[in-house]
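Chains as they are written, first to last, in this note's numbering: chain Z, 1 to 114; chain W, 1 to 113.
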Amino acid sequence: AQSVTQLGSHVSVSEGALVLLRCNYSSSVPPYLFWYVQYPNQGLQLLLKYTSAATLVKGINGFEAEFKKSETSFHLTKPSAHMSDAAEYFCAVSDRTDTDKLIFGTGTRLQVFP
Amino acid sequence: ETGVTQTPRHLVMGMTNKKSLKCEQHLGHNAMYWYKQSAKKPLELMFVYNFKEQTENNSVPSRFSPECPNSSHLFLHLHTLQPEDSALYLCASSPGQGFYEQYFGPGTRLTVT
Chain Z
1 AQSVTQLGSH VSVSEGALVL LRCNYSSSVP PYLFWYVQYP NQGLQLLLKY
51 TSAATLVKGI NGFEAEFKKS ETSFHLTKPS AHMSDAAEYF CAVSDRTDTD
101 KLIFGTGTRL QVFP
Chain W
1 ETGVTQTPRH LVMGMTNKKS LKCEQHLGHN AMYWYKQSAK KPLELMFVYN
51 FKEQTENNSV PSRFSPECPN SSHLFLHLHT LQPEDSALYL CASSPGQGFY
101 EQYFGPGTRL TVT
């Protein structure tokens, strides 16, 4: 069965600093991987997805993530944080053999300080 | 309207009330989902509908009753809820057929008193 681990429930960075949010997955088959962002009082918005094409995936708002099979990781990065990036971020995995479901991590709350 | 819409956005109900949450997707998708999001807990998948047929029921108590009359609409009927059912209820849709990303509505914040 698939699972997703997000290391660090809270991450704080200064505006302009590098953002790194960690996600490790466990899957018996090559997975599809996703990052979502949730702003206060809103639903989840898809940031980017990995579906076995390029291992470096670019998403919206300047975010990108790299699929590393050897490390079973899919970390989310952004070179320079902006105040508007403050939100909760969720990593999710889908098993290609069970296409109905996404398994979500517990989320990482990103704070950005001026 | 675009994307996935949910009504109402906020709902307060007593434990003896009956209410319904509504979700509508304007994306032409074939699959729809209900999730429960509680504070400090992972997102919990409740129900999955694919082409209007329920394909997943994650051991959800019977006081939650889903209904999917067509591929665009999804309801969650609520009755005799408990205070621990207070949460954000999120609806999502997915294209299906090899495309797995899900698109979420803004959620209904439910408070059970």
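Cβ atoms here follow ideal geometry from the backbone N, Cα and C, with glycine treated the same way.
Proximity to C23/W across Q111/Z, Y89/Z, K68/Z, G43/Z peaks at G43/Z, based on C-alpha coordinates. When only Cα atoms are considered, M46/W and G62/Z end up about 32 Å apart. With the rule of 3 Cβ pairs closer than 8 Å, the segment 4-20 of chain Z counts as touching the segment 101-110 of chain Z. As for any beta strand (DSSP E) of minimum length 3 sitting wholly inside the segment 66-97 of chain Z, the runs are 73-78, 87-95, ordered along the chain. Pairing S59/W with S65/W, the inter-Cα distance amounts to about 12 Å.
Interface flag for E101/W against chain Z is set, since a Cβ pair is found closer than 8 Å. If you look at A17/Z, you'll find it isn't in any beta strand (DSSP E); DSSP assigns it neither H nor E.
For S26/Z against T72/Z, the beta-carbon gap comes to about 7 Å, under 8 Å, which counts as contact. At a cut-off of 8 Å between beta carbons, F34/Z contacts chain W. Any Cβ of chain W closer than 8 Å to the Cβ of G59/Z would place that residue at the interface, and such an atom is absent. Under the Cβ distance rule, F74/Z does not count among the residues neighbouring chain W, no pair being separated by less than 8 Å. Scanning its chain for C-beta atoms nearer than 8 Å, with the 5 sequence neighbours on each side dropped, one finds around Y100/W the residues S94, in chain order. Nearest to A81/Z by C-alpha distance, out of L46/Z, P30/Z, A17/Z, is A17/Z. Here V12/W is exposed. Its C-beta has fewer than 16 other C-beta atoms within 10 Å.
Distance from the Cα of T77/Z is smallest, within the candidate group Y39/Z, S94/Z, M83/Z, L56/Z, for L56/Z.
DSSP places G107/Z in the coil class of the three-state scheme, outside both helix and strand. Membership of V4/Z in the beta strand (DSSP E) is indicated by the continuous run 3-5. Bounds of the beta strand (DSSP E) holding E67/W are 64-70. Pairing N57/W with A65/Z, the inter-Cα distance amounts to about 32 Å. Scanning chain W for C-beta atoms nearer than 9 Å to the C-beta of Q2/Z yields nothing, as the closest lies near 12 Å away. In terms of beta-carbon proximity, P42/W lines the interface with chain Z, with at least one pair separated by less than 8 Å. The residues E15, in chain order, have a CB closer than 6 Å to that of P114/Z in the same chain once the five nearest residues on each side in sequence are set aside.
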